[in-house]
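J.: Residue numbers (our numbering): 44 to 128.
Set out below in structure tokens:
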């Protein structure tokens, strides 16, 4: 059985490999963790355009991680999913 994680936007449990992990760095900034293995508090978001839109609108990464997520992080998430299709 593969590890399951919850998307912060749709609140659905999904296979960890289907989600992208974002984490808090030691400098209290939010960054994308494409490997899913870096240390630090993490939050997961799925590939759904609706989830990405909701996460940006409600600033869900900042709320989940306790650190300010810049608009560049949300832009990078969009670009990541669009490039990986």
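Yeah, the Cβ is synthetic: ideal placement off N, Cα and C, and Gly gets one too.
Which one of 89, 102, 81 and 111 has the shortest CA to CA distance from residue 125?
T.: Of the candidates 89, 102, 81 and 111, 89 places its Cα closest to the Cα of residue 125.
J.: Please report the Cβ distance between residue 116 and residue 65, rounded to the nearest whole angstrom; I am assuming they are in contact, meaning their Cβ atoms lie under 8 Å.
T.: 7 Å
J.: Since I believe residue 83 is in contact with residue 26 (beta carbons under 8 Å), could you give me their beta-carbon distance rounded to a whole number of angstroms?
T.: Here the chain covers residues 44 to 128 and nothing more, so residue 26 does not appear.
J.: Output needed for residue 123: all residues of its chain with C-beta closer than 6 Å, excluding positions within five of it in sequence on either side, in chain order.
T.: none
J.: Specify, as a first and last residue, the run of the beta strand (DSSP E) that residue 57 falls within.
T.: Run containing residue 57: 56–58, per the beta strand (DSSP E) assignment.
J.: Mind checking which residues open and close the beta strand (DSSP E) that includes residue 65?
T.: That run of the beta strand (DSSP E) goes 63–67.
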